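The sequence shown lines up with residues 1 to 280 when you count with full-length UniProt numbering.
Virtual Cβ for every residue (Gly too), placed ideally from N, Cα, C.
As the structure is a computational prediction, the values presented were derived from the model and not from experiment.
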Amino acid sequence: IQSHQFTFFVGQEGKAIVVHAAAISATSQQLDALINGGMEESETRCARLEDVQVDDFIRFCEYAYRGDYTVPPWEHLPPEASSEPEKNQQSGSEADPAPEPDIEPIEPVEIPEARYEVTPTRTLSRTTLRAQFNGRKYLGGDGPKALMLEQFEPKSNSGADQNFTPVFLAHARLYCFAYIRLIAPLKALTLDKLHRTLMGFKLYTKRVGDIIELVRYVYSNPDLPDRSDNGQIDGLKNLVVEYIVCEIDWIGRRDEFLKYMEEGGEFVGDFWRLARDYIS
């Protein structure tokens with residue numbers, strides 16, 4: 001907090017974001033060299049990052065200051081008129097809620113007045129007082145820290161009108177930011193958040209396209225490495241391929257997936273290398 005301030009001009013629009021130099025430089029040797037390495041940027045105390053979206057850089061700053069970043073929101077889409085209920089992979093269908101039962105009014109019951117006996121005053125044991133003192137809690141599960149941490153937790157979808165493409169892509173873009181700038185802890189954090197989001201994601205028919213957009217972004221990003229000669233693939237690519245193979249019985253039925261497969265590319269090879277081991 002006591003370090004000097006440094007200004008980043010972020011994105012194509014060049015939005016100015018002022019940060020504390022020490023907080024940002026501590027996350028990466030690359031950024032430390034930019035801020036403190038004696039180059040022009042360290043002299044002027046400003047630098048341009050045109051290849052980063054403003055929202056993604058703000059999440060990175062959250063990570064630099066707090067060790068985590070806010071989970072991006074999903075996009076609400078207006079429901080489409082349909083004669084059939086929306087299905088999802090987990091439940092198969094959305095059942096109508098059960099009708100509420102009729103509740104009969106309850107007649108008031110007269111309660112007789114209680115009678116209390118007066119007992120002699122006696123000295124209380126300090127053991128009881130100490131137990132009461134030691135057991136006091138002034139912050140419950142919804143204290144300030146718990147409320148702050150809650151906003152970092154990945155959320156699950158609950159309806160077909162919740163577009164999770166912005167959520168998936170925000171995690172993926174921040175992973176790519178961390179990959180380029182060699183921030184291993186942030187890479188691990190983004191993978192963990194994306195993994196938990198995918199685990200809780202309900203595959204409604206209309207939301208399969210959200211997964212395809214995630215795969216498309218990951219495999220079209222030029223900053224991520226191609227498959228190595230020994231078949232090893234990048235951590236983010238490995239995560240999305242594993243998810244696709246796990247859910248292929250549902251995703252594979254969708255035209256969006258078939259059309260993406262027809263485009264070819266490295267994903268097809270990575271997908272088949274994994275899928276063939278699980279085909280009986």
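Rounded to the nearest angstrom, the gap between the Cα atoms of Ile212 and Lys206 is 11 Å.
With respect to Asp192, Arg227 sits apart: the two C-beta atoms are not nearer than 9 Å. The Cβ atoms of Gly209 and Glu256 lie closer than 9 Å to each other. Per DSSP, Lys15 is one residue of the beta strand (DSSP E) stretching across Lys15 to His20. For the 9 Å CB-CB criterion, Leu224 and Leu194 do not form a contact. Between Glu13 and Ser3, the alpha-carbon positions lie close to 27 Å from each other.
Measuring C-alpha to C-alpha distances from Ser156 to each of Asn238, Thr197 and Glu242 identifies Thr197 as the nearest. Per DSSP, the unbroken alpha helix (DSSP H) holding Val241 starts and ends at Gly235 to Cys246.
When DSSP states are grouped into helix, strand and coil, Glu75 belongs to the strand group. Inclusion of Val240 and Leu274 in the CB contact set at 9 Å is not warranted, their separation being larger than that value. Taking the CA atoms as reference points, Glu242 sits about 15 Å from Gly231.
By the Cβ rule, the region 126-138 does not count as touching the region 173-185, because fewer than three pairs are nearer than 8 Å. Counting of Cβ neighbours within 10 angstroms places Ile279 among the exposed residues, the total staying below 16.
Contact between Phe6 and Ile24 holds, with the beta-carbon distance rounding to 7 Å and staying under 8 Å.
Just measuring C-alpha positions, the residue of Ile17, Ala47, His76 and Ala16 sitting nearest Gln30 is Ala47. Setting aside the 5 residues that flank it on each side, Val54 is surrounded in the same chain by Val10, Gly11 and Lys15, each with a C-beta closer than 7 Å to its C-beta; the list follows chain order. Contact check for Val218 and Tyr260: beta-carbon distance about 12 Å, past the 8 Å limit, so the pair fails to qualify. Selection His76, Trp250 and Glu263 evaluated against Asp161 yields His76 as nearest (Cα-Cα). When secondary structure is reduced to three states using DSSP, Thr190 falls in the helix class. In this chain, the alpha helix (DSSP H) harbouring Gln29 covers Gln29 to Asn36.
Here DSSP, grouped into helix, strand and coil, assigns Thr128 to helix.
The three-state reading of DSSP puts Asn134 in helix, counting H, G and I together. A Cβ-Cβ contact shorter than 9 Å links Ser42 with Asn36. When the Cα atoms are used, Ala188 and Tyr63 turn out to be separated by approximately 12 Å.
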